[in-house]
Each structure stands twice: as C-alpha cells, then as structure tokens.
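Peer 1: If you're matching positions, the sequence shown starts at 52 in the working numbering and goes up one per residue.
Where a beta carbon is used, it is the ideal one built from N, C-alpha and C, also for glycine.
Here it is: the structure, laid out below.
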Amino acid sequence: MTKLLAVSPDPWRWQAHPEVWFLVAAVIAFGWWAIRVIGPRVVPAGEPITTSFQRRVFSVATVLLLVSADWPVHDIAEEHLYAVHMVQHLVITFIVPPLFLLATPAWLARLLILDEGRGSRILRRMAHPVVAGVLFNGLTALTHWSGVVQWSFDSGAFHYGVHLALFLSALLMWVPVAAPLPELRISVPGQMIYLFLMSVIPTIPAAWLTFAEGT
Numbered sequence: 052m053t054k055l056l057a058v059s060p061d062p063w064r065w066q067a068h069p070e071v072w073f074l075v076a077a078v079i080a081f082g083w084w085a086i087r088v089i090g091p092r093v094v095p096a097g098e099p100i101t102t103s104f105q106r107r108v109f110s111v112a113t114v115l116l117l118v119s120a121d122w123p124v125h126d127i128a129e130e131h132l133y134a135v136h137m138v139q140h141l142v143i144t145f146i147v148p149p150l151f152l153l154a155t156p157a158w159l160a161r162l163l164i165l166d167e168g169r170g171s172r173i174l175r176r177m178a179h180p181v182v183a184g185v186l187f188n189g190l191t192a193l194t195h196w197s198g199v200v201q202w203s204f205d206s207g208a209f210h211y212g213v214h215l216a217l218f219l220s221a222l223l224m225w226v227p228v229a230a231p232l233p234e235l236r237i238s239v240p241g242q243m244i245y246l247f248l249m250s251v252i253p254t255i256p257a258a259w260l261t262f263a264e265g266t
C-alpha cells in the first residue's frame, strides 16, 4: 500500500482520460438514438417518448458520471486523497446507477432486455435481491482487497475494468428498487429492508480496512 500513499508532485495536473470520454459519448449517443430514432417507431402515437423528469435525470446522471470519472476527481482520488476515491465510488455505485434506471422509459427497458425472452429471464435471476446484493457487496469487498487495489493502481486498463464492473453490479443492485419496469421492483416494505441491508453489509469490509495494520 506504500505506493498508494505516494503523493503526486502536482495532483492537479491535467491528464486525459479518453476512455471516459468515449463512455460518456456512447451514453449520450445511445440516449439520442433511442429517443429520436427508436422511440417514434415503438411508442404509440399520442404517448410521450420520455418525460421531462426522465430527461432531467438522464442529464444529471451523465454529468455526474463524467465528473466522477474524469479529471480532476479521478486523478486526485487515485494519487492524492483516498477520501476522494471513496466519494468517487459512492457516486458511481449509489447515485449514478439509480438515476440512469429512473431515466429509462419502460418501453426502452423492455426492448433492452428482450421482454419475455432469454435476456429477460437472465436479468430477473441476476437482479433478484439476494443475488444482486451478494454480487455487488462481494465485488465491492474484493475490489478493496490489497492485492486488487495495488493491481488497479499499477494498471489503468484493470482500474477502468474495476470501475465498470462496480457500475454494472450496482445497476443490478438497484433494479429491485428503481427498475423502470414495475414487475422487476419489490414491494415498498421490501425495498426499505433491502436498502437497510445494503447499508449494513458494507460495514464489514469498511471495518476491515479501518482496523487493518500497515494500510
């Protein structure tokens, strides 16, 4: 962990992250294509393709994704302040994923998962509260293991993959609460219990990190 504590001579120096720009551009392009090209073909005449709320939420989620993954937040998080690193992870797992789910119209969600098809069955299994919760929290704990952290520090590609895996697992974790399709959400009391457990389980690796020696 010694390498991780090394302070950069200039943590504010500008660094390009083209992989982040490509990801954000792809998200924006997909949103535009879905609304302008696909929506008019599948949404019945007279019905809104998207709501103003969905458009606003999509914009906020996209901006937060860019800010949290690009310079300077990303570079300060990785080279200067571990606290910023944790805030970055909170944003890409607890804020951005549910916002994207809330921004997704129901008609688009049905197209993406091929409703009543194999994709739908797989998603329902993966997004089951127990499966999604274990997957997300297990992956979160694994990514904070010292060996994985060091590898992530040494390899930019691996680091990017870790963030992408966390984001995708967080999307699954949020499906029971914020899915655009009501049949994928659990009951409101169930959501309360589920979210409570999602806040308790991470304290286990957090306690391990807090009291670990030599970190």
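Just reading off the alpha helix (DSSP H) that A112 is part of, what are its end residues?
Peer 2: Its alpha helix (DSSP H) spans residues S103 to A120.
Peer 1: Apply the 10 Å Cβ neighbour rule to P227 and answer buried if 16 or more other Cβ atoms are within range, or exposed otherwise.
Peer 2: Answer is buried; the Cβ neighbour count reaches 16.
Peer 1: Quick check on V251: buried or exposed, where buried means 16 or more other Cβ atoms within 10 Å of its Cβ?
Peer 2: Counting Cβ neighbours within 10 Å, V251 comes out exposed, since fewer than 16 surround it.
Peer 1: Provide the residue span of the alpha helix (DSSP H) that contains D205, from first to last.
Peer 2: Here the alpha helix (DSSP H) through D205 covers S197 to D205.
Peer 1: Quick check on T191: does DSSP put it in helix, strand or coil?
Peer 2: Three-state DSSP puts T191 in a helix.
Peer 1: With H, G and I counted as helix, E and B as strand and the rest as coil, what does DSSP make of E130?
Peer 2: Helix.
Peer 1: Go ahead and label I173 buried or exposed: buried means 16 or more other beta carbons lie within 10 angstroms of its beta carbon, across all protein chains shown.
Peer 2: Counting Cβ neighbours within 10 Å, I173 comes out exposed, since fewer than 16 surround it.
Peer 1: In the structure shown, what three-state DSSP assignment does R175 receive?
Peer 2: Looking at R175 - three-state DSSP - the assignment turns out to be helix.
Peer 1: Going by C-alpha distance, which of A178, I89, L115 and V111 is nearest E234?
Peer 2: Ranking the options by Cα distance to E234, first place goes to A178.
Peer 1: What is the DSSP secondary structure of L56, counted as helix, strand or coil?
Peer 2: Low per-residue confidence applies at L56: pLDDT is 45, beneath 50, and the placement is therefore not dependable enough to give any value.
Peer 1: Can you give the Cα-Cα distance for L55 and Q201, rounded to whole angstroms?
Peer 2: Interpretation of L55 is limited by its pLDDT of 47, a score under 50 that renders its predicted location unreliable; no figure is taken from the coordinates.
Peer 1: Which whole-angstrom value describes the C-beta separation of F218 and I146, a residue pair presumed to lie in contact below a C-beta threshold of 8 Å?
Peer 2: F218 to I146, Cβ: 11 Å. No contact.
Peer 1: Got a sec? Which residues, its chain only, sit under 6 Å from L223 by beta carbon, not counting five neighbours each side?
Peer 2: If we look at L223 and ignore the five residues flanking it on each side, its Cβ neighbours are M177, A178 and A183.
Peer 1: By alpha-carbon positions, which one of A230, E70, V213 and I244 ends up nearest to I164?
Peer 2: Here the closest residue by C-alpha is A230.
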